[in-house]
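Counting with this note's numbering, you get residues 7 to 318 for the letters of the sequence shown. I have placed the structure first, in the form of structure tokens, so that the comments after it can refer back to it.
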Amino acid sequence: MILERKDVLGLEDLSAKEILGILEIAGRFRAVFDRPVRSVPIMRGRTVVNFFHEPSTRTRISFELAEKRLSADIINFSSSSSSFSKGETLRDTAENLAAMKIDMLIIRHSSPGSAQYLGKVLECSVINAGDGAHEHPTQGLLDIMTMQQKLGDLRGKKVTIIGDITHSRVARSNIWGLTKLGAEVTLCGPPTMIPGGIEKMGVNIEYDLLKAVSQADVLNVLRIQLERHSSKSFPSNREYHRVYGITEEVIRTLKPEAFVMHPGPMNRDVEIASEVADGPRQVILDQVANGVAVRMALIYLLSGGDPGALGG
Ligand code: CP
7 MILERKDVLG LEDLSAKEIL GILEIAGRFR AVFDRPVRSV PIMRGRTVVN
57 FFHEPSTRTR ISFELAEKRL SADIINFSSS SSSFSKGETL RDTAENLAAM
107 KIDMLIIRHS SPGSAQYLGK VLECSVINAG DGAHEHPTQG LLDIMTMQQK
157 LGDLRGKKVT IIGDITHSRV ARSNIWGLTK LGAEVTLCGP PTMIPGGIEK
207 MGVNIEYDLL KAVSQADVLN VLRIQLERHS SKSFPSNREY HRVYGITEEV
257 IRTLKPEAFV MHPGPMNRDV EIASEVADGP RQVILDQVAN GVAVRMALIY
307 LLSGGDPGAL GG
């Protein structure tokens, strides 16, 4: 068995062996994308509920597409179209879903720990699609898959994560996953955006952007989460772009084979210049494509799917 667990709540909980196992199965699902018929009937008769209590484009559509390609029955609901808008609690919502005997719940929520809570109270599997600033495990997995495609084994590879580390669940899931696989992770950004004590996660801190960029095999550029800043951690978007923005000038200091990632959605010309976001060194849409394969693999494995049945 690759995953002997009910839920996937964060990469902190997964072993290196589990992460590599999921990515191996994701690679097999990625191969299905090039076939004329992209769906497989392996989740027929199973029901997956997608509950997004925060806005999402990539994660929501990617989960739904993964479920459709596995032939699952799908229910989508959001806070604005559910009784959440009438004040119903997460616990009451969870108990109602449990009573309806669903097979899996995908949840995005602004509260850290909300996915863990539902994992405890529900019998069905729960996948965390992003909980506050805590974790975004499927984003971490798709980022690692994209790095593996370009670099192979990640042991000893240098990954620089740049930007708003404090508010970033993507950074946390990347750090947990990458350090387990033996990559060297450096965090870079304004001191106001790098939380004290984060070195304990086994990462380096470098405040000098050009030093952090020039040593990297991969740059993972984070979105500045303007909606999560109660007071500004930087003087202005223009000032942030001037000091920490990934511009063409910054890109010229990268190693020749190094590449640029961004989880999306991007603030163009704030954390990343448009020319870089659309340029030859980025792999942003590869990340998006890999997201569907990673989510297919997780849903399949949590449903007890047999990797042997997928073929080579
Ligand atoms: N990367 C990511 O989580 O994007 P969405 O918020 O659009 O899902």
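Where is the CB? At the ideal position from N, CA and C, for every residue including glycine. Remember, it's a predicted structure, so these values are computed and weren't measured experimentally.
Just reading off the beta strand (DSSP E) that residue 114 is part of, what are its end residues?
110-115
Would you kindly work out how many angstroms separate the C-alpha atoms of residue 183 and residue 23, rounded to a whole number?
11 Å
With distances taken Cα to Cα, identify the nearest neighbour of residue 307 among 231, 167, 133.
133
Which runs of the alpha helix (DSSP H) at least 4 residues long sit entirely within the segment 83-147? Give them in chain order.
96-105, 120-127
Taking contact to mean at least 3 C-beta pairs separated by less than 8 Å, is the segment 37-56 in contact with the segment 71-90?
Cβ pair count under 8 Å is three or more, so yes.
Ordered along the chain, which non-local residues of its own chain (more than five positions away) have a Cβ less than 6 Å from that of residue 58?
Cβ within range, chain order: 66, 84, 114.
Skipping 5 residues on each side, what residues in its chain have a beta carbon closer than 8 Å to that of residue 216?
256, 259
Using 8 Å as the threshold, is the segment 237-246 in touch with the segment 196-215, meaning 3 or more CB pairs across them?
yes
Any idea what DSSP makes of residue 53, helix, strand or coil?
Strand, per DSSP.
Going straight from the alpha carbon of residue 71 to that of residue 163, what length do you get?
When rounded, the distance between both Cα atoms is 32 Å.
Checking the sheet assignment: what are the DSSP bridge partners for residue 168?
Here residue 168 is bridged, per DSSP, to 194, 227.
Taking the alpha carbon of residue 190 as the reference point, which residue from 249, 202, 207, 60 has its own alpha carbon closest?
207
Could you tell me whether any non-hydrogen atom of ligand 1 is closer than 6 Å to the CB of residue 64?
The answer is yes for residue 64.
Can you check whether the CB of residue 117 is closer than 7 Å to the CB of residue 136?
no
Of all the options 10, 302, 315, 141, which has the alpha carbon lying nearest to the alpha carbon of residue 121?
141
Please list the terminal residues of the continuous beta strand (DSSP E) segment that includes residue 267.
265-267
What does a CB cutoff of less than 8 Å around residue 205 pick up in its chain, not counting 5 residues either side in sequence?
211
So, is residue 10 buried or exposed, given that buried needs 16 or more other C-beta atoms within 10 angstroms?
With fewer than 16 Cβ atoms within 10 Å of its Cβ, residue 10 is classed as exposed.
On the premise that residue 146 lies in contact with residue 17, defined as a C-beta separation below 8 Å, what is that separation, rounded to the nearest angstrom?
About 5 Å; that satisfies the 8 Å criterion.
I'd like to check one pair, residue 148 with residue 187: are the Cβ atoms closer than 7 Å?
no
Kindly give me the distance between the Cβ atoms of residue 230 and residue 276, rounded to whole angstroms, as I take these residues to be in contact under 8 Å.
6 Å
For residue 32, is the classification buried or exposed, using 16 other Cβ atoms within 10 angstroms of its Cβ as the cut-off for buried?
Residue 32 sits buried, since 16 or more C-beta atoms from the chains shown fall within 10 Å of its C-beta.
Return yes when the Cβ of residue 43 is within less than 7 Å of the Cβ of residue 111, no when it is not.
Against a cut-off of 7 Å, the Cβ pair of residue 43 and residue 111 comes out as no contact.
Counting only the same chain and skipping the five closest in sequence on each side, list residues whose C-beta sits under 6 Å from that of residue 62.
Cβ neighbours of residue 62 beyond the five flanking positions: 114.
Are the CB atoms of residue 143 and residue 87 nearer to each other than 7 Å?
no
Could you tell me the distance, in whole angstroms, from the CA atom of residue 314 to the CA atom of residue 247?
48 Å
Taking C-alpha atoms, which residue in 69, 107, 124 lies nearest to residue 95?
124
In angstroms with no decimal places, state the Cα-to-Cα distance between residue 129 and residue 106.
11 Å
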